[in-house]
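Using this note's numbering, you'd call the opening residue of the sequence shown number 1352 and step up by one each time.
Positions of the beta carbon are idealized from the N, C-alpha and C atoms, including for glycine.
Predicted model only: the values in this text are computed from it and were never measured.
A short write-up of the structure that comes next.
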Amino acid sequence: MESRKIKNALISVYSKEGLEPIIKALNAQGVTIYSTGGTYSFIEGLGVEAVKVESLTGYPSILGGRVKTLHPKVFGGILSRRDMFSDGEQLKEYEIPEIDLVIVDLYPFEQTVASGASEDDLIETIDIGGISLIRAGAKNYKDVVIVPSVDHYAEFLSLFTSQDGATTLEDRHRFATYAFGVSSHYDSAIFSHFNETEQLPAFRKSFNKSTVLRYGENPHQKGYYFGDLDACFDKLNGKEISYNNIGDIDAACALIDDFGNDTAFAILKHNNACGMACRSTLDEAWSAALAGDPVSAFGGILITNKTVTPSVAAEMHKIFFEVCIAPDYEPEALDILRQKKNRIILKRKGFATHDKLFRSVLNGVLVQDKDTTVPTAADMQKSVTSTPITPSQAEDLAFATILVKHTKSNAIVLAKNRQLYASGTGQTSRVDALKQAIAKARAFGFDLNGAVMASDAFFPFPDCVEIAHDAGIAAVAHPGGSIHDQDSIDYCEKNRMGMAITGIRHFKH
């Protein structure tokens, strides 16, 4: 196990939280502590003796603190190989002490970016000495233990006190792994900030916080979430959030956000809306959303952009659902929903989402901009046929096009009075998607006369508008772009159907 007793330590940290018990434990073991600047003052304030790094190097902190520890007498003591005779002889020649422990916490670059600080302030929070100490300690983990951030103070203190001031090779390897994780994440954050301007074609994403999930998409697959769910939601009730839950929650939030301040309610299954409505009251929006597909609502994800009231909660409570998401809940509503102990209840917080989408494919990663286009009624007002699109139809077409944007391709959405009547989802044929939507709408008793249809992509042939017309559809929206667009336009012209061509495709795979 190659246990090594810690004799000398170098400590240079930003965050002092949790550092005091480590200092006192090191002092109790007779460890010589070297330190700099504010950390030295902190240690001195605890009544513990420390050696200034300046006394070791013979140089003061210079350039406004930019250069403190970058010196051979510091890095030689960290990087020297204890089992190499020549390294030991050089340490003796230059009077360099062996450093067995390095504790670092870097300047908070990401927090400074998030604060909206000036570029000059950001530059000054790019840590140079600290990141170099981390890499040096991690490289020489056979002899040195590196504690790379405040997040690792407690674990180090526990092993140091339980092992009488010594560390094993296994300990040091684990902490070196932490260290390279910290350094790579830090550099990725800096690169990402600089690349906002340069837009280099490079992919860097790093997440320090992670959650081990029960399993992945299926029980035989391992699953993890890298990110901070606590920054997104207050979890008010329920069981552990699963891999599939997270995917549905993400889809639900993306969908509901496109409806702005309208009172909206949606029900999702497998990332697709099976019920959705906008109404003047939340009670009406819930009732209309559930009517869209009360069967698929079983086990679904429920989301609204308004505070959940007791009357709505009482109706929701009548069905089984996995997750409810809302900006807030009235106390009585929360009491009702909490009657099922496994029911996941989430209260949304304001949080920033990624502006890019990425996923692993083959031996690499696909990256694209998010589809942030939000269709409006104004986009739907101009018909390419002589049959005008009425104001209410324009509202319905915008509503349906938002929904189709968030539905797996090939997708067709049928809607009326800002209520989802049915969708055809994830079909290999657009005709099949439309037939699926029509059959489903009829199965739940919807009258399609006067309803509208939205398609995520163009109609390559007029068959879809023919089928839609036969079902009673009065107006359609699609992006256009087919060499046969005119065939569909001509059919709609002949049969007095309004058609909006948006020019924007909404494939989702």
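Taking C-beta separations shorter than 6 Å and ignoring five residues to either side along the sequence, the partners of residue 1620 in its chain run 1647, 1651, following chain order. Taking the C-beta atoms as reference points, residue 1711 is found no nearer than 9 Å to residue 1520.
In this structure the region 1685–1701 does not lie against the region 1717–1730, because fewer than three pairs of beta carbons, one per stretch, are closer than 8 Å. Here residue 1517 is near residue 1356, since their CB atoms are less than 9 Å apart. Between the region 1682–1698 and the region 1452–1461, the count of C-beta pairs closer than 8 Å stays below three; the two stretches do not touch. By the neighbour-count definition (other C-beta atoms within 10 Å, threshold 16), residue 1680 is a buried residue. Residues 1761, 1784, 1787 of the same chain have their beta carbon placed closer than 7 Å to that of residue 1778, with the five preceding and five following residues left out of the count. Rounded to whole angstroms, the Cβ separation of residue 1849 and residue 1826 is 4 Å, and the two are in contact under 8 Å. For residue 1463, there is no enclosing beta strand (DSSP E); the residue is part of the alpha helix (DSSP H) that begins and ends at 1460–1465. Between the region 1649–1663 and the region 1584–1593 there are fewer than three inter-stretch CB-CB distances shorter than 8 Å, so the stretches are not counted as touching. Counting the other CB atoms within 10 Å of its CB gives residue 1548 a total below 16, which places it among the exposed residues. Listed in chain order, the beta strand (DSSP E) runs fully inside the region 1789–1839 are 1803–1806, 1826–1829, counting runs of at least 3 residues. The three-state secondary structure of residue 1601, taken from DSSP, is helix. According to DSSP, residue pairing for residue 1770 in a beta bridge involves 1628, 1767. Within the DSSP secondary-structure output, residue 1555 pairs in no beta bridge.
Within the same chain, Cβ atoms closer than 8 Å to the Cβ of residue 1720 are found at 1706, 1707, 1708, the five residues on either side in sequence being excluded. Listed in chain order, the non-local C-beta contacts of residue 1568 below 7 Å within the same chain comprise 1594, 1595, local neighbours out to five positions each way being set aside.
Pairing residue 1627 with residue 1606 gives a Cβ-Cβ distance under 9 Å.
Non-local beta-carbon contacts of residue 1832 in its own chain, meaning distances under 6 Å to residues more than five positions away in sequence, involve 1809 in chain order.
Residue nearest to residue 1610 within the set 1724, 1461, 1847, 1436 is 1724 (criterion: CA-CA distance).
Taking C-beta atoms under 8 Å as the contact rule, residue 1857 and residue 1733 fail to qualify, at a distance of about 19 Å.
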